[in-house]
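Report on one structure; see the data block that follows.
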Amino acid sequence: MKNVYRVLAYAVAALVAVQAASIAYALFGLAKYIDGGGAVDKNSDGFPGVGGLMAHGVGGQLVIPVVALALLVVSFFAHVPGGVRWALIVLGTVVVQVALGIFSHSLPALGAVHGALALVLFGVAVTAAMRVGSATSVVDEPARVATPVA
366 MKNVYRVLAY AVAALVAVQA ASIAYALFGL AKYIDGGGAV DKNSDGFPGV
416 GGLMAHGVGG QLVIPVVALA LLVVSFFAHV PGGVRWALIV LGTVVVQVAL
466 GIFSHSLPAL GAVHGALALV LFGVAVTAAM RVGSATSVVD EPARVATPVA
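Under the working numbering, the sequence shown has 456 at position 91, and the numbering climbs by one with no breaks.
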């Protein structure tokens, strides 16, 4: 179960990186479309990179929360020291991140906080994953020297 905990925590961090990549793809696709003379309004068919917006929405509102919730469930059985606490921190950060993403549509300045909190979520998820390594590390003991029998 410790390995499952580690994999889920690293998965949250990896998914945060995918989120950053997908929104960057969407933004740069939109910029290229506008630079080429395109206009975006409610009647637009789309632009190159619109899939990045969809991936960002689905990943942030569905995939990452489900993985974070699974991390919390697994944390009760993994017996990682501080594992439940770190899983709760990950899940709490995800909840705030989702709320910021939703409310940023009404108050765009929250988008900056949303972006900064993504970095925090990445760090918290990696920290949770690394807790497994520190909990299962081998302690070095001095080697025993055999004494000859007389």
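Beta carbons: idealized from backbone N, C-alpha and C, even for Gly. As the structure is a prediction and not an experimental result, all values here were calculated from the model.
Cβ atoms of Val463 and Leu482: under 8 Å apart, would you say? no
Look at Val372 and Gly424 and say whether their C-beta atoms are less than 8 Å apart. no
Just reading off the alpha helix (DSSP H) that Phe412 is part of, what are its end residues? Run containing Phe412: none; DSSP gives neither H nor E here.
Exposed or buried, what is Ile399 when buried is set at 16 or more other beta-carbons lying within 10 Å of its beta-carbon? exposed
Coarse secondary structure for Asn368, derived from DSSP in three states: helix
Pairwise C-alpha distance: Leu486 and Phe442: 23 Å
If you draw a straight line from the alpha carbon of Val431 to that of Val439, how long is it in whole angstroms? 12 Å
Every unbroken alpha helix (DSSP H) inside the region 454-500 [4 residues or more]: 475-500
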